[in-house]
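Using our numbering, the first residue of the sequence shown is number 7, and each one after it goes up by one.
C-beta: ideal position from N, C-alpha, C; glycine also.
Predicted model, so just to flag it, every value in this text is computed and none were measured.
Structure first, commentary second.
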Amino acid sequence: MIVSIGTDICNYQRIQAAWLRHGERFVERILSDGERCDFADLAEANRAAYLCKRFAAKEAVGKALGTGIGEGISWQDIEVRRRKAAAPQVLLSGAAQLRASSLGVEVIHLSLSDEKDAAVAFVIFEAR
Numbered sequence: 007m008i009v010s011i012g013t014d015i016c017n018y019q020r021i022q023a024a025w026l027r028h029g030e031r032f033v034e035r036i037l038s039d040g041e042r043c044d045f046a047d048l049a050e051a052n053r054a055a056y057l058c059k060r061f062a063a064k065e066a067v068g069k070a071l072g073t074g075i076g077e078g079i080s081w082q083d084i085e086v087r088r089r090k091a092a093a094p095q096v097l098l099s100g101a102a103q104l105r106a107s108s109l110g111v112e113v114i115h116l117s118l119s120d121e122k123d124a125a126v127a128f129v130i131f132e133a134r
């Protein structure tokens, strides 16, 4: 049974500008430790796209939680990890995990897609 859904679209230029303006502080605010390791391993040309996809994914998860980012839910409470030959994995902690549990969420489905100017994320929270 679908508990909730969330979606977000993110413009690469907007994220690139924020990254250039705020530097490493922006990366540390948005990405978890594990995500920052993946980010560091990427070629420089792929980093803005990675940030944009993670930003969109976390916004979509926040919307599915019904709170958005803020309201006690931090960027660090939502982690998006790559898996070989599979959809990305969403890991929740802290307030995000508590909120998802209170909604009865058992499975999180995430789809990410991008074009040259934007990334889109779609999240489905499921209870079985």
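By the C-beta density criterion, Arg134 is exposed, having fewer than 16 other C-beta atoms within 10 angstroms.
Within its own chain, the residues whose Cβ lies closer than 8 angstroms to the Cβ of Asp123, once the five positions on either side in sequence are excluded, are Asn17, Tyr18, Gln19, listed in chain order. Classified as exposed, Ile8 has fewer than 16 neighbouring CB atoms from the shown chains inside 10 Å of its CB. Here DSSP, grouped into helix, strand and coil, assigns Arg87 to strand. Approximately 4 angstroms separates the beta-carbon atoms of Glu85 and Ser38; this is inside 8 angstroms, confirming the contact. Gly12 is positioned such that its CB atom lies no closer than 7 angstroms to that of Lys59.
Cβ neighbours of Glu132 within its own chain (closer than 8 angstroms, five residues either side excluded): Met7, Ile8, Val9, Val111, Glu112, Val113, Ile114, His115.
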